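One structure is given below, encoded as structure tokens.
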Amino acid sequence: MTDETWIDIATTLAEGIRAMPIVVDHPDWWFVMFLDGYVSHLNPQALEIYANHKILCVKEEGDASDTNQSYDRHVAKADKNIIRKSLGSARTTISQNISIRTFSSV
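At position 31 of the sequence shown (counting the first as 1) the number is 30 in numbering that gives the first Met the number 0, and the numbers step up by one without a gap.
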């Protein structure tokens with residue numbers, strides 16, 4: 000993701016957060032949004048957009064996201080195991096097809 004993309008997303012996301020139920024009823028409240036350490040998340044223009052909408056962005060350290068984010072800690076591990084198994088099957092099938100074609104064409 001580029002800085003320009005994140006700036007575009009920031010405007011839409013900030014407006015959406017401020018329009019959420021309960022939040023919309025309290026325009027003086029600040030909303031806190033936790034972000035990972037991805038470089039574009041620290042773009043000053045995007046941070047200004049969030050601040051103008053009373054949204055405080057808190058950055059996690061890059062090495063902490065797998066500890067602090069429940070998806071990374073639990074669900075992602077299972078997802079990655081399924082992906083590895085699926086990719087293993089696909090690799091085997093693809094390599095067999097390539098071997099057959101290469102052998103057949105000789």
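C-beta: ideal position from N, C-alpha, C; glycine also.
Computed from a predicted structure; not experimentally measured.
I54 is bridged by DSSP to F30. Counting only the Cα atoms, A50 lies some 12 Å from L12.
Between T10 and the set I54, D27, V38, H25, the nearest pair of CA atoms involves I54. Note on W29: under 16 other CB atoms within 10 angstroms of its CB, so exposed under the neighbour-count rule.
Between H52 and I81, the C-beta spacing is not below 8 Å.
Restricting attention to E60, P20, M19, the CA atom closest to the CA of Y37 is found in E60.
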